Amino acid sequence: MADTGALEPLIEVLEDEREKKYGISFSDDRLAKAKCPWKVFYGCNASVRISHLRAVGGFDQSFVGYGLEDNELAYRLFTLGIRFVLSDRIPVFHEKPANPRDPYKSAIQGSPADFTTYVENAKRFIRNHKDDPEVAQVLGQALAAIETYTHENDNGPWLGYRKGEFRP
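The opening residue of the sequence shown carries number 201 in this note's numbering; numbering runs sequentially from there.
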């Protein structure tokens, strides 16, 4: 099994990210006050007014493969001033496939983790919102963890990201 130590900060997100990683629960309004609530937005169980989706142009179709398209949409909604609310009355059942597209879940299962499209989407996200230092910080941390993981395990392609050398 691959050593997932470098991904631990991100793997926590897969467990119950609101509680463990961000300290946000259904019983409080910390998500509404969070600096970057778009980090915990998942399109598989989100309700957004169509007028808000139209105002931000919907999903960015240039995102490909796995990762970040829903967070990038949430970022644009957040910058529009849309408030994020969690509800424990709207559950979701998310089937767990044997071969997940999510490279983090692949790594946990001990399967080869291909971060190629996630990395490209992170670069795209940073380029699209280069004036926001929070975007660069959040995604830079994710890219650094992926780089460490792929170098330690030599089981996934890496696209040349080096902390401090990234040029979107």
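All residues carry an ideal CB built from backbone N, CA and C; glycine is no exception. Computed from a predicted model, the values in this text were never measured in an experiment.
How is residue i classed by DSSP in three states: helix, strand or coil?
{"i": "Pro333", "result": "helix"}
{"i": "Lys296", "result": "coil"}
{"i": "Tyr275", "result": "helix"}
{"i": "Ser287", "result": "coil"}
{"i": "Ile282", "result": "coil"}
{"i": "Thr348", "result": "helix"}
{"i": "Ser251", "result": "helix"}
{"i": "Val240", "result": "helix"}
{"i": "Leu268", "result": "coil"}
{"i": "Gly258", "result": "coil"}
{"i": "Lys235", "result": "coil"}
{"i": "Ala342", "result": "helix"}
Compute the Euclidean distance between the alpha carbons of residue i and residue j, then round it to the nearest angstrom.
{"i": "Thr348", "j": "Glu320", "result": "17 angstroms"}
{"i": "Asn245", "j": "Val292", "result": "6 angstroms"}
{"i": "Leu273", "j": "Lys239", "result": "11 angstroms"}
{"i": "Ile346", "j": "Ala307", "result": "11 angstroms"}
{"i": "Ala336", "j": "Phe263", "result": "17 angstroms"}
{"i": "Phe284", "j": "Ile250", "result": "15 angstroms"}
{"i": "Lys305", "j": "Tyr318", "result": "13 angstroms"}
{"i": "Arg327", "j": "Gln341", "result": "16 angstroms"}
{"i": "Glu295", "j": "Gln309", "result": "15 angstroms"}
{"i": "Gly258", "j": "Asp331", "result": "21 angstroms"}
Could you check whether the Cβ of residue i sits closer than 7 angstroms to any heavy atom belonging to the ligand GDP?
{"i": "Arg276", "result": "With respect to the ligand GDP, the structure offers nothing, as it holds no ligand at all."}
Using 8 angstroms for Cβ pairs, my map puts residue i next to residue j. What's the rounded Cβ distance?
{"i": "Leu280", "j": "Ala255", "result": "6 angstroms"}
{"i": "Phe325", "j": "Leu339", "result": "6 angstroms"}
{"i": "Pro303", "j": "Phe315", "result": "5 angstroms"}
{"i": "Ile282", "j": "His252", "result": "6 angstroms"}
{"i": "Asp260", "j": "Gly243", "result": "Actually they are not in contact, since the Cβ atoms of Asp260 and Gly243 sit about 12 angstroms apart, beyond 8 angstroms."}
{"i": "Pro237", "j": "Phe278", "result": "6 angstroms"}
Just reading off the alpha helix (DSSP H) that residue i is part of, what are its end residues?
{"i": "Lys305", "result": "303–309"}
{"i": "Tyr318", "result": "316–328"}
When you compare the CB positions of residue i and residue j, do they come within less than 8 angstroms of one another, or not?
{"i": "Leu268", "j": "Ala234", "result": "no"}
{"i": "Tyr266", "j": "Arg301", "result": "yes"}
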